[in-house]
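Residue numbers (the working numbering), protein chains in the order written: chain A, 73 to 447; chain B, 73 to 447. Heads up, the beta-carbon is just placed ideally off N, CA and C, and yes, glycines get one too. What follows is one structure encoded as structure tokens, with my remarks underneath.
2 protein chains.
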Amino acid sequence: MEFVIHSETLKKALNIVSRVVSGNPSVPVMSGFKLEGVKDRLIVTGGDSDISIIKTIDLKDSPQEKMVEQGSLVVPAKYFHELIKKMPVNSLITIRKYNKQIFIKCGDIETTLSGLNEEDYPAAADVPSGDGIKVKGSLLIEMIKETQFAAAKSETRAVLTGVNWVFGEGELTMIATNSQRLAMRKASLKTNLTGSFILPIKALTELVHVIDKHDFIRIFSTESMMTFQSEGLSLHSRLITGNYPDISRIIPEEAVTEVVVPRLRFLEGIERANLLASQWKHNNVTLALNMDEKIRLTSSTSEIGQINEKLDTVEVEGDRNFKISFDGKFLAEALKSIQDDLVTLSFGGSLRPIIIKPYNKKNTIHLVSPVRASS
Amino acid sequence: MEFVIHSETLKKALNIVSRVVSGNPSVPVMSGFKLEGVKDRLIVTGGDSDISIIKTIDLKDSPQEKMVEQGSLVVPAKYFHELIKKMPVNSLITIRKYNKQIFIKCGDIETTLSGLNEEDYPAAADVPSGDGIKVKGSLLIEMIKETQFAAAKSETRAVLTGVNWVFGEGELTMIATNSQRLAMRKASLKTNLTGSFILPIKALTELVHVIDKHDFIRIFSTESMMTFQSEGLSLHSRLITGNYPDISRIIPEEAVTEVVVPRLRFLEGIERANLLASQWKHNNVTLALNMDEKIRLTSSTSEIGQINEKLDTVEVEGDRNFKISFDGKFLAEALKSIQDDLVTLSFGGSLRPIIIKPYNKKNTIHLVSPVRASS
Numbered sequence: 073m074e075f076v077i078h079s080e081t082l083k084k085a086l087n088i089v090s091r092v093v094s095g096n097p098s099v100p101v102m103s104g105f106k107l108e109g110v111k112d113r114l115i116v117t118g119g120d121s122d123i124s125i126i127k128t129i130d131l132k133d134s135p136q137e138k139m140v141e142q143g144s145l146v147v148p149a150k151y152f153h154e155l156i157k158k159m160p161v162n163s164l165i166t167i168r169k170y171n172k173q174i175f176i177k178c179g180d181i182e183t184t185l186s187g188l189n190e191e192d193y194p195a196a197a198d199v200p201s202g203d204g205i206k207v208k209g210s211l212l213i214e215m216i217k218e219t220q221f222a223a224a225k226s227e228t229r230a231v232l233t234g235v236n237w238v239f240g241e242g243e244l245t246m247i248a249t250n251s252q253r254l255a256m257r258k259a260s261l262k263t264n265l266t267g268s269f270i271l272p273i274k275a276l277t278e279l280v281h282v283i284d285k286h287d288f289i290r291i292f293s294t295e296s297m298m299t300f301q302s303e304g305l306s307l308h309s310r311l312i313t314g315n316y317p318d319i320s321r322i323i324p325e326e327a328v329t330e331v332v333v334p335r336l337r338f339l340e341g342i343e344r345a346n347l348l349a350s351q352w353k354h355n356n357v358t359l360a361l362n363m364d365e366k367i368r369l370t371s372s373t374s375e376i377g378q379i380n381e382k383l384d385t386v387e388v389e390g391d392r393n394f395k396i397s398f399d400g401k402f403l404a405e406a407l408k409s410i411q412d413d414l415v416t417l418s419f420g421g422s423l424r425p426i427i428i429k430p431y432n433k434k435n436t437i438h439l440v441s442p443v444r445a446s447s
Numbered sequence: 073m074e075f076v077i078h079s080e081t082l083k084k085a086l087n088i089v090s091r092v093v094s095g096n097p098s099v100p101v102m103s104g105f106k107l108e109g110v111k112d113r114l115i116v117t118g119g120d121s122d123i124s125i126i127k128t129i130d131l132k133d134s135p136q137e138k139m140v141e142q143g144s145l146v147v148p149a150k151y152f153h154e155l156i157k158k159m160p161v162n163s164l165i166t167i168r169k170y171n172k173q174i175f176i177k178c179g180d181i182e183t184t185l186s187g188l189n190e191e192d193y194p195a196a197a198d199v200p201s202g203d204g205i206k207v208k209g210s211l212l213i214e215m216i217k218e219t220q221f222a223a224a225k226s227e228t229r230a231v232l233t234g235v236n237w238v239f240g241e242g243e244l245t246m247i248a249t250n251s252q253r254l255a256m257r258k259a260s261l262k263t264n265l266t267g268s269f270i271l272p273i274k275a276l277t278e279l280v281h282v283i284d285k286h287d288f289i290r291i292f293s294t295e296s297m298m299t300f301q302s303e304g305l306s307l308h309s310r311l312i313t314g315n316y317p318d319i320s321r322i323i324p325e326e327a328v329t330e331v332v333v334p335r336l337r338f339l340e341g342i343e344r345a346n347l348l349a350s351q352w353k354h355n356n357v358t359l360a361l362n363m364d365e366k367i368r369l370t371s372s373t374s375e376i377g378q379i380n381e382k383l384d385t386v387e388v389e390g391d392r393n394f395k396i397s398f399d400g401k402f403l404a405e406a407l408k409s410i411q412d413d414l415v416t417l418s419f420g421g422s423l424r425p426i427i428i429k430p431y432n433k434k435n436t437i438h439l440v441s442p443v444r445a446s447s
């Protein structure tokens, strides 16, 4: 195998693919990048048994680049990536495999790296035929960012460490919960796929990093795998197996009180209160509404101090006299994931979860469970 | 004590002073900021037994700020700093001490923090009278940056963990070495102070952060302490005790070969070679000069690979045939600390240190010791 490529083109491809190459994978050869030359295309693959990224570069796009000899090789990812990153900008790099050695030449710089056994490198996942589901990159990124933070960090219930994607009639719903808080986002989508899939957080994080918000992404799925494709790029992720809890009955339908507040001002108040709430396991912050229609946020840490602030509301409906304690960190994360200027808070009593929604929108819902004030 | 201050003024002062407040100091009260109101001035002090910073703010500078009641207090630094950082931008903050409680009020935000015992807070170091030595901030920052990286990281010889400042007749010399490499920078300076002082790295790092390059800094010294003063700010640092080695005889006077190279191109080559030199304790990189007047840089890691590159020189004088191995990381750090486009490398043989100097300048010298190629 031998090819000539622009340093910047190769750097860009390795920056993307290297993100999913592990330094210590279960299959040793997967610590490398697989490079394949097929006709005029260079195919760069990296990944582990959970996730892989394949970047395809058309060497015909530039007159100086070329595929001299087709073939394939696997090169140690860490050394190769660092080396290519440090090559002079806007130079041409020639890469040639001879026996097990990989020669990398760039002007007066000559490097040899020992290749890994390309025969051992696992074959790429088959991509199902058809068009898949087509979705705008920007929408996919937005939906992922609005939900993934709410997934469980602990592994005690594996399904909760992922985000549940439910394809229904003409819509996609993403749900994440750690059983103390929940984030849900719906969007309309032309889809002939129905079913429920649990995506690992790592795949979603990488997806947000590698896809272009201006591109259309095609989604394909089998029972155990989901594939995302855009121009020159594909990402394959293993799905988490198991049944995701049915959350439809958790979301309260009726509220005792609804309050509209400016999102940023409220978030800043919660973050101040969190400073003195970190003593508690659940970052206890207390919110009270009085007849004056102002919200009072309070928190305290014994021997350190206390904070107490009043916030104007924009609109109040229902019962004007209540008090509820909750995990201020969870509430802050929900508020940060929303873009809108105003949010609606719904309360069903001091033992029911708080519901947070962007004002006048129905496609996003956050839930935060109450905590006992002294827990 | 009670005063009113702009949130941004207080945030800026705490950002500076908090850098030297330790979370777990030997004297517990030093985990706080000391705030003192003297006439119209607020004096904010923080630090530990090695280093302290005092920032003075004149509340007369703004019509909305004022010292309502003189006095002093000590407030837990971490909580106070985080809280003030999160206060609304461009607001006014009122701080009042009553008994041991500190009340912080900003609009509808009311906080109480438990104060620490200000009686226990150590008195500030006395600043010697006189004008001290006057030096431009930019020169001081430049000299520190060009030397401090070369100090020893390990504590085996305490004096080598600092930078030696030698005040001589009309000049200041800074020297740092870990006994395998050395950095030295001289500058002319009007000074009536003579003597040798060893400054801890922490003090130098903080100095670079807090002083303004446009300001003139005044330096005062006693045997155990050095003080740096500029408008509204002073930094006191303990000095390292002990005798700094006499390095005047280490610097070779004569060279067998002198080579001038473009600094950045050479640095990039060394950094590429370092990628495959990390297997060795001393990051062995080998440099050879041949009759063609080109430099060859090589390094290798067994079972991974090797790198070999040729570099054009700008000028060569003396013996054109030699080879030397050295720690590539030390050479890269020396090259990074230099700003000039060209550097002169002087070689005295494969067992003598390499000397690196900015081309045609005499006030900066770096030394890197050779290593045995197979060590």
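Item                                                                                                                      : Value
Cross-chain neighbours of GLN411 of chain A in chain B, by beta carbon under 7 Å                                          : None at all; the shortest Cβ gap to chain B is about 21 Å.
Cβ of LYS158 of chain B within 8 Å of any chain A Cβ                                                                      : yes
Given 8 Å, three or more beta-carbon pairs between the stretch 335–344 of chain B and the stretch 371–383 of chain B      : yes
Where GLU182 of chain B meets chain A, residues with beta-carbon distance less than 8 Å                                   : ILE379, ASN380 and GLU381
CB contact check: TYR170 of chain A to chain B, cutoff 8 Å                                                                : no
Within-8 Å CB hit, SER186 of chain B to chain A                                                                           : yes
Per-residue burial, ARG257 of chain A [other beta carbons within 10 Å of its own, 16 or more giving buried]               : buried
For GLN301 of chain B: DSSP bridge partner residues                                                                       : B:ARG290 and B:SER306
Under 7 Å by beta carbon: chain B residues contacting ARG344 of chain A                                                   : LEU155, LYS158 and ILE181
Contiguous beta strand (DSSP E) assignments of at least 3 residues, all confined to the stretch 182–228 of chain A        : 205–208
Any chain A beta carbon closer than 8 Å to LEU261 of chain B                                                              : no
Sequence-distant residues of its chain with Cβ nearer than 6 Å to GLU80 of chain A (five each side left out)              : none
Proximity to ILE437 of chain B [Cα-Cα], best of B:ASP318, B:PRO324 and B:TRP352                                           : B:PRO324
Contact list for GLU340 of chain A against chain B, beta-carbon separation under 8 Å                                      : LYS158 and PRO160
contact_flag[the stretch 103–110 of chain B, the stretch 138–147 of chain B] where n(CB pairs < 8 Å) is 3 or more         : yes
Beta carbon of ARG424 of chain B nearer than 8 Å to that of ILE379 of chain B                                             : no
For PHE479 of chain A: DSSP bridge partner residues                                                                       : One cannot answer for residue 479 of chain A here, as it falls past the ends of chain A, which runs 73 to 447.
Span of the beta strand (DSSP E) around ILE123 of chain B                                                                 : 123–130
Any chain A beta carbon closer than 8 Å to ILE376 of chain B                                                              : yes
Three-way DSSP call (helix, strand, coil) for LEU254 of chain A in this model                                             : strand
The stretch 160–173 of chain B touching the stretch 121–134 of chain B, judged by at least three CB pairs closer than 8 Å : no
Under 8 Å by beta carbon: chain B residues contacting TYR193 of chain A                                                   : Here the premise fails: no neighbours, minimum Cβ distance about 18 Å.
Three-state secondary structure assigned by DSSP to SER371 of chain A                                                     : strand
Residues near SER260 of chain A by beta carbon distance below 7 Å, same chain, minus five either side                     : GLY242 and GLU243
Nearest residue (CA-CA) to GLY118 of chain A, options A:ALA197, A:LYS138 and A:ASP180                                     : A:ALA197
Residues that PRO148 of chain B contacts on chain A, provided the C-beta gap is smaller than 7 Å                          : ILE376
CA-to-CA distance, LYS395 of chain B to GLY267 of chain B, given in whole angstroms                                       : 40 Å
Neighbourhood of ILE77 of chain A by C-beta, 6 Å cutoff - its chain only, sequence neighbours within 5 removed            : GLU137 and ILE165
Environment of HIS286 of chain A [buried if 16+ CB atoms lie within 10 Å]                                                 : exposed
Residues that ILE396 of chain A bridges to, as DSSP identifies them                                                       : A:LEU359
DSSP three-state assignment for GLY341 of chain B, whether helix, strand or coil                                          : helix
Residue span of the beta strand (DSSP E) that contains TYR170 of chain A, given as start and end                          : 164–170
Environment of ARG253 of chain A [buried if 16+ CB atoms lie within 10 Å]                                                 : buried
Closer than 8 Å to chain B by CB, LEU271 of chain A                                                                       : no
Residues of the stretch 346–362 of chain A whose Cβ lies closer than 8 Å to any Cβ of chain B, in chain order             : LEU347 and LEU348
Local conformation of LYS433 of chain B per DSSP, three classes                                                           : coil
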